[in-house]
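Residue numbers (my numbering): 1399 to 1522.
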């Protein structure tokens, strides 16, 4: 039996200064993130010790750290930076990130971008 462990952060909302349009530069806007991290460990479920798994707090912390650094032009750059940060963790082998802006258009819906990057070769 082979297990594939993942950490998921679903629909995490942050207030971000992001965008290239004039109306986006007047103030921050909501950005919603979904992150999936594939993990390299075989026996995480065998122990109840935090040292044997990945502490998920860093998933949220990386987003908050990156968006606190001033204005960001594009979602593409933001999620690329986040993918790099997550892959620096020794046990993360693959990252999927989806970010979306729910308030850009007057109609319901959100516009966003997604990225899949792995340690064995990124998506570039």
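Beta carbons are placed, not taken as given, at the ideal position from N, Cα and C, and that holds for glycine. Bear in mind that the values here come from a model prediction, so they are computed numbers and not experimental data.
With residue i as the anchor, note down where its beta strand (DSSP E) starts and where it stops.
{"i": "residue 1436", "result": "1427-1437"}
{"i": "residue 1413", "result": "1403-1414"}
Compute the beta-carbon to beta-carbon distance between residue i and residue j, rounded to the nearest angstrom, for a pair I have assumed lies under 8 angstroms.
{"i": "residue 1476", "j": "residue 1515", "result": "Not confirmed; about 13 angstroms, so no contact."}
{"i": "residue 1341", "j": "residue 1435", "result": "No answer is possible for residue 1341: the residues shown for the chain start at 1399 and end at 1522."}
{"i": "residue 1458", "j": "residue 1410", "result": "6 angstroms"}
Using only alpha-carbon positions, find the residue among the options that is nearest to residue i.
{"i": "residue 1429", "options": "1491, 1494, 1470", "result": "1470"}
{"i": "residue 1439", "options": "1509, 1510, 1404", "result": "1404"}
{"i": "residue 1498", "options": "1509, 1417, 1466", "result": "1509"}
{"i": "residue 1418", "options": "1472, 1492, 1431, 1518", "result": "1472"}
Please list, in chain order, all residues of the same chain as residue i whose beta carbon is under 7 angstroms from its beta carbon, the five residues on each side excluded.
{"i": "residue 1426", "result": "1413, 1414, 1415"}
{"i": "residue 1461", "result": "1410, 1412, 1431, 1480"}
Could you tell me whether any Cβ in chain B is nearer than 7 angstroms to the Cβ of residue i?
{"i": "residue 1403", "result": "The question asks about chain B, but that chain is absent: this structure has only one protein chain."}
Near residue i, what residues of its chain come up, given a Cβ to Cβ distance below 8 angstroms and the 5 sequence neighbours on each side ignored?
{"i": "residue 1500", "result": "1428, 1430, 1507, 1508"}
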